[in-house]
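So the sequence shown is numbered by the UniProt record's numbering: it starts at 1 and just counts up by one.
Notes to accompany the following structure.
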Amino acid sequence: MPRSCMINRASWPVRARFLQVRVRAPAWHLRHSSNARSPPAPQGGEHASNKNPEHGEESKGAMTRKLEQLSEESLTTGGRSARKSVEEMGGASSFSEDLRQQLEGKIAAADFRNDYAGAISQANLPASAPRHVRESAAAEPWNGTESIADASLRMLNDSTRPMPRGGGPPRQVDTGRSKTKYSDGVRIANAREKANKYSKDDMTGMTDEEREKFRQEVQARFLPGARQVAASVQGIVSLANQRIEDAIARGQFKNIPRGQKIERDHNASSPFIDTTTYLMNKMIKKQDIVPPWIEKQQEVIATANTFRKRLRSDWRRHVCRVITSRGGSLESHVKLAEEYAFAESLENPSREQIEKMNAIDSQGHLSQITIAGELKPGDSDDATKMDEEIKLLEQTFNDDGTLKSTEEQVKIRTQHTMLSQAPPPDAPRRPTVAPFRDPQWEKTELSYHKLAIKQLNELTRSYNLMAPNLAKKPYFSLERELRNCFADVAPQVAAEIHARATAPKVKGIEVIGHRPGSVLDKFAMDGAGHVYDERKPQYGFKEFWRDLFAHNKS
């Protein structure tokens with residue numbers, strides 16, 4: 001609360017009780033107190049003299065009292081100018097010493113109330129005053145400077161956005177009824193127009209017979225027993241049957257177009273087939289979608305073929321290098337490779353390789369394709385010829401899951417030359433060498449082989465989880481793959497050595513190998529160096545450039 005308001009509020013009862021004489025004692029007022037309305041206690045003999053009728057209190061008029069009140073207000077609230085005027089009036093005849101002291105006392109009391117207005121108002125508050133009244137009384141007036149507490153509170157309030165106010169209830173509630181109310185006459189006129197329009201639109205383009213039937217149907221609705229239906233399911237069923245019989249009697253079911261014959265799938269209700277699997281396969285066939293296990297099967301076969309092809313290529317190259325590194329002629333190398341192949345055929349004969357693949361034909365039937373390959377000796381007397389026979393067999397599945405027997409089989413036969421120098425003797429012979437093995441190579445390639453087999457087994461495991469029981473595949477084994485690799489590569493080593501030895505060399509390609517030494521050593525000339533005399537002949541930059549790029553003399 002401003003200090004000026006508190007001062008004026010505390011001083012207005014004093015002005016109301018201003019005495020009619022110039023000399024009077026100052027009155028003190030206590031705000032919110034019952035004693036504030038009572039007259040102040042007399043001080044000495046001044047009040048007694050003020051009440052004396054000799055001073056002419058009753059003889060003063062309203063104008064005189066108003067002027068005295070205004071002069072008192074100007075002296076009390078005037079500040080320094082009022083004090084200065086009172087001090088200058090000390091010698092004037094119009095003001096006595098007592099009046100001057102009274103005015104100075106009023107000014108001092110007003111200054112005291114101005115300086116301690118908050119404490120005075122807070123001390124005079126009753127015990128029943130609310131909290132906000134006490135805070136207002138104890139608040140300091142604004143002096144032009146913001147305090148630290150107020151600044152901190154203001155910044156905290158500004159740092160957070162105020163919570164959005166929730167929307168209040170709608171001002172207007174839509175009850176679904178139109179606000180405009182039509183009179184009964186307007187409603188009757190509209191109903192008549194709508195009825196006439198409906199009858200005209202419905203009867204347009206109808207023959208006399210159709211109109212008569214329509215009238216009979218409408219008339220039947222208003223018969224006494226037309227709507228007497230029991231409130232039960234049986235009553236509704238009887239009413240529906242009655243209307244169907246009436247429609248049949250009128251001939252409404254004579255010209256109904258007949259649909260195609262419903263094709264029933266007896267396999268869907270077969271107790272020997274899983275209904276869920278059958279329906280899923282049927283949906284896949286209708287949408288021309290390949291089952292996921294077919295795609296996984298292709299991935300397994302492609303990965304296995306890549307691994308086997310690389311394994312056989314690495315082993316064939318390694319065997320050829322080891323045999324040729326021992327020295328000797330080409331014939332001795334080929335003969336040694338044939339001996340290794342003969343020993344391998346006795347100890348580890350090449351088995352028939354079988355690969356099974358599943359596919360879905362255009363009609364949606366699941367089929368199995370079996371590919372079998374085997375090396376056999378030729379039909380002729382030449383022992384250097386070997387025949388490779390590949391068999392293709394395609395079978396479809398029955399409804400019960402078994403394979404259909406078929407006699408159609410495709411055979412592909414190719415002939416390979418073994419490059420034997422002499423025909424084998426008639427008597428059975430024994431191998432002169434053991435089958436070729438290299439434990440060091442197997443140890444070097446073991447980490448790669450294990451990782452490849454692990455990857456193949458993971459693919460096979462994921463494939464078996466989604467494939468049916470008839471199409472599941474066995475897991476791969478490193479030992480079995482190596483034995484098959486040795487058996488397949490042994491007959492091909494002799495031909496590979498002969499092809500490497502007789503293959504034409506590629507010309508026009510210079511292979512620069514690494515030589516020990518620094519970079520400057522590569523620019524040095526081969527052979528003995530030449531020492532030139534400083535006098536004759538003179539050796540300069542021209543001669544250096546010529547020797548640097550001169551061709552080697554051989």
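Yeah, the Cβ is synthetic: ideal placement off N, Cα and C, and Gly gets one too.
Bear in mind that the values here come from a model prediction, so they are computed numbers and not experimental data.
Item, Value
"Range of the contiguous alpha helix (DSSP H) that encloses Leu346", "Leu330 to Glu347"
"Buried/exposed call for His32, threshold 16 Cβ in 10 Å", "With a pLDDT of 39 at His32, under the threshold of 50, the modelled position of that residue is not reliable, and no figure is offered here."
"With 16 other Cβ atoms within 10 Å as the buried cut-off, status of Gln234", "exposed"
"Touch test, the segment 321 to 333 against the segment 474 to 492, Cβ-Cβ under 8 Å, three pairs minimum", "no"
"Beta-carbon proximity list for Ala341, same chain, < 6 Å, skipping 5 on both sides", "Ala490 and Pro491"
"Residue interval of the alpha helix (DSSP H) (run including Met163)", "Taken as a continuous stretch (DSSP letters only), Met163 belongs to no alpha helix (DSSP H), as it is neither H nor E."
"Cβ-Cβ separation, His498 to Ser478 (assumed contact under 8 Å), whole Å", "One detail in the question is off: residue 478 reads as Leu in this sequence, not Ser. No, Leu478 and His498 are not in contact; Cβ-Cβ is about 31 Å, not under 8 Å."
"Contact with chain D by Gln234, beta-carbon distance below 8 Å", "Among the chains in the structure shown there is no chain D, since it carries only a single protein chain."
"Where Thr275 sits in the DSSP three-state scheme", "helix"
"Whole-angstrom C-beta distance between Glu339 and Thr432, which should lie under 8 Å", "6 Å"
"Separation of Asn267 from Asp438, as counted between CA atoms", "58 Å"
"Option nearest Arg316 by Cα separation, candidates Val493, Glu543 and Lys505", "Val493"
"Alpha carbon of Ile244 to alpha carbon of Thr207, nearest angstrom", "24 Å"
"For Ala337 and Pro435, believed in contact at Cβ under 8 Å, the rounded distance", "So it is not a contact: roughly 12 Å between Cβ atoms."
"Inter-residue spacing [alpha-carbon to alpha-carbon] between Arg429 and Leu346", "11 Å"
"Distance between Thr175 and His132 (C-alpha atoms, nearest Å)", "47 Å"
"Cβ-based burial, Ala501 [other Cβ within 10 Å; buried from 16]", "exposed"
"Span of the alpha helix (DSSP H) around Thr303", "Pro292 to Thr324"
"Local conformation of Tyr448 per DSSP, three classes", "helix"
"Per-residue burial, Ile294 [other beta carbons within 10 Å of its own, 16 or more giving buried]", "buried"
"Beta-carbon spacing of Ala137, Gly118 below 8 Å", "yes"
"Arg480 beta carbon less than 8 Å from that of residue 559", "One cannot answer for residue 559 here, as it falls past the ends of the chain, which runs 1 to 554."
"Assigned secondary structure, Lys66 (DSSP; H/G/I helix, E/B strand, else coil)", "helix"
"Alpha-carbon spacing of Phe112 relative to Pro126, whole angstroms", "22 Å"
"Local conformation of Phe112 per DSSP, three classes", "helix"
"Gln297 vs Ala467 beta-carbon contact at 8 Å", "yes"
"Local Cβ density within 10 Å of Thr460, reported as buried at 16 or more and exposed below that", "buried"
"Three-way DSSP call (helix, strand, coil) for Phe544 in this model", "helix"
"Segment limits, alpha helix (DSSP H) that includes Gly246", "Residue identity differs from the one stated: residue 246 is Asp in this sequence, not Gly. Val233 to Ala249 is the extent of the alpha helix (DSSP H) around Asp246."
"Helix, strand or coil at Arg429 according to DSSP, with G and I counted as helix", "coil"
"CA-to-CA distance, Ala550 to Phe544, given in whole angstroms", "10 Å"
"Cα-Cα separation, Thr160 to Pro141", "28 Å"
"Counted within 10 angstroms of its Cβ, other Cβ atoms place Pro271 as buried (16 or more) or exposed", "exposed"
"Within 8 Å, strictly: CB atoms of Leu456 and Phe476", "yes"
"Exposure of Leu311, with buried meaning 16 or more beta-carbon neighbours within 10 Å", "buried"
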